[in-house]
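The block underneath contains the structure these notes are about, expressed in structure tokens.
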DNA sequence: GGTAGACGATAACATTTGTTATCAAATAAA
DNA sequence: TTTATTTGATAACAAATGTTATCGTCTACC
């Protein structure tokens with residue numbers, strides 16, 4: 001699992017092995033809640049196999065903010081970084097194989113990494129990149145119609161459309177399940 | 001202008017004076033375009049007095065993404081950091097007094113700052129914080145009604161409601177000017 | 001002072017989207 | 001296999017929001 005990333009990190013073998021020894025292997029069924037709403041998140045997950053959804057409860061309505069797949073890391077990021085109650089639920093969609101690492105160990109790694117200029121700069125770039133990604137996602141909400149957002153999703157994140165049940169996609173796009181059905185139906189009839 | 005920030009930066013007086021010498025003073029009237037759409041942004045601005053709007057053009061429609069006021073720094077941030085064409089326009093709303101600094105100088109300062117652990121960590125925290133702010137803004141779009149977003153705006157950013165013309169606020173909230181008028185009107189009648 | 005432009009309210013109508021309910025198909029569990 | 005659960009489509013109606021047009025007020029500028 002971790003070997004594929006080995007060459008991306010200019011670390012000694014000792015450090016590398018120390019870091020990967022912090023990770024714990026688990027297998028979980030579909031619909032397993034990994035982090036509950038209100039919980040202070042102490043774990044960050046890496047997905048070896050499977051699919052995870054991050055969502056929050058808005059007056060009983062299920063609102064999905066992100067999906068994650070193989071080789072991505074997942075956490076209730078604000079809760080994990082700042083140690084306050086998680087506003088979101090982190091939950092598997094498919095049966096999944098995961099590796100998790102504790103907050104303490106991540107902090108330790110981060111502190112050490114910051115002293116290595118190359119990795120420090122990469123962390124900073126990653127944070128910039130994340131901001132840009134959020135901006136992009138955010139802009140699409142104000143400027144595009146749900147139909148356009150659905151078309152973009154098919155184009156840019158086909159995995160989501162293929163692997164995720166449609167009502168989760170609706171909650172991700174910010175429309176009702178009924179309306180997403182309508183959108184799909186209209187798209188099909190236009191094509192013909 | 002810069003003295004008020006002096007004690008926040010653990011720098012020698014020489015460094016501090018060098019850094020502030022990079023800034024250039026300008027005064028501009030209302031509706032001055034500081035960065036055009038498509039331009040590669042070379043400047044970052046700090047507002048001494050006035051108010052700035054960042055917006056982008058979506059099929060002829062004016063969509064506002066952010067407002068900035070006194071003591072805030074403004075740039076077409078993706079364009080400035082990555083040097084690609086700016087997707088947004090940066091424009092004054094009121095007559096403004098500004099200080100700008102060039103990309104080269106910012107890069108120089110950032111490189112030097114990264115070597116000072118306290119400032120480096122503050123930069124990293126700032127980037128995390130920015131991500132969280134974007135997430136928050138983004139979430140409010142999917143979970144709240146325009147009426148709720150307007151009420152939040154009054155509560156959390158009263159400056160915007162007070163100083164910014166209403167049609168810009170509508171474009172910031174993602175609704176038509178007519179609809180924002182309706183929202184205001186309904187709120188007034190409910191209160192009575 | 002007068003005039004043009006910017007700004008905001010409102011009405012009438014069109015379009016989009018949500019809600020509730022029902023049904024059918026697929027899937028998982030027993 | 002049988003049954004329950006999940007998933008998705010569709011119809012009918014309600015609510016939210018956009019569009020276009022008109023009008024009044026205010027402000028900047030000549």
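Protein chains in written order, with UniProt numbering: chain A, 1 to 192; chain B, 1 to 192. The C-beta atom is built at its ideal place from N, Cα and C for all residues, glycine as well.
Below 7 Å on C-beta distance, what does residue i contact in chain A?
i: residue 134 of chain B; result: 131, 134, 135, 138
i: residue 58 of chain B; result: 143
What does residue i touch in chain A if you count any residue whose Cβ is under 9 Å from its own?
i: residue 65 of chain B; result: 135, 138, 139, 142
i: residue 187 of chain B; result: Residues of chain A passing the Cβ test: none, with the nearest at roughly 20 Å.
If you check the beta carbons only, do residue i and residue j fall under 8 Å apart?
i: residue 56 of chain B; j: residue 89 of chain B; result: yes
i: residue 69 of chain B; j: residue 47 of chain B; result: yes
i: residue 85 of chain B; j: residue 35 of chain B; result: no
i: residue 128 of chain B; j: residue 135 of chain A; result: no
i: residue 177 of chain A; j: residue 91 of chain A; result: no
i: residue 30 of chain A; j: residue 93 of chain A; result: yes
i: residue 19 of chain A; j: residue 99 of chain A; result: no
i: residue 120 of chain B; j: residue 114 of chain B; result: yes
i: residue 15 of chain A; j: residue 103 of chain A; result: no
i: residue 96 of chain B; j: residue 124 of chain B; result: no
i: residue 169 of chain A; j: residue 151 of chain A; result: no
i: residue 75 of chain A; j: residue 110 of chain A; result: no
i: residue 183 of chain B; j: residue 146 of chain B; result: yes
i: residue 10 of chain A; j: residue 118 of chain A; result: yes
What's the call for residue i, buried or exposed, on a 16-neighbour Cβ count within 10 Å?
i: residue 6 of chain B; result: exposed
i: residue 187 of chain A; result: exposed
i: residue 163 of chain B; result: exposed
i: residue 106 of chain B; result: buried
i: residue 8 of chain B; result: exposed
i: residue 3 of chain B; result: exposed
What residues of chain B sit near residue i, judged by a beta carbon separation below 7 Å?
i: residue 78 of chain A; result: 132
Which residues in chain A sit within 8 Å of residue i, going by Cβ to Cβ distance?
i: residue 174 of chain B; result: 141, 142
i: residue 123 of chain B; result: 124
In chain B, what lies closer than 8 Å to residue i by C-beta?
i: residue 81 of chain A; result: 128
i: residue 120 of chain A; result: 114, 120
For residue i, which of helix, strand or coil comes out of DSSP?
i: residue 70 of chain A; result: coil
i: residue 92 of chain B; result: strand
i: residue 185 of chain B; result: helix
i: residue 192 of chain B; result: Here the model assigns residue 192 of chain B a pLDDT of 47, short of 50, so the residue's position is not dependable and the matter cannot be decided.
- Query: So does the stretch 170-185 of chain B actually touch the stretch 50-69 of chain B, counting three or more Cβ pairs closer than 8 Å?
  - Reply: yes
- Message: Assess contact between the stretch 136-144 of chain A and the stretch 141-159 of chain B, defined as three or more Cβ pairs (one per stretch) separated by less than 8 Å. Is contact present?
- Response: The stretch 136-144 of chain A, when compared against the stretch 141-159 of chain B, does touch it at the 8 Å Cβ threshold.
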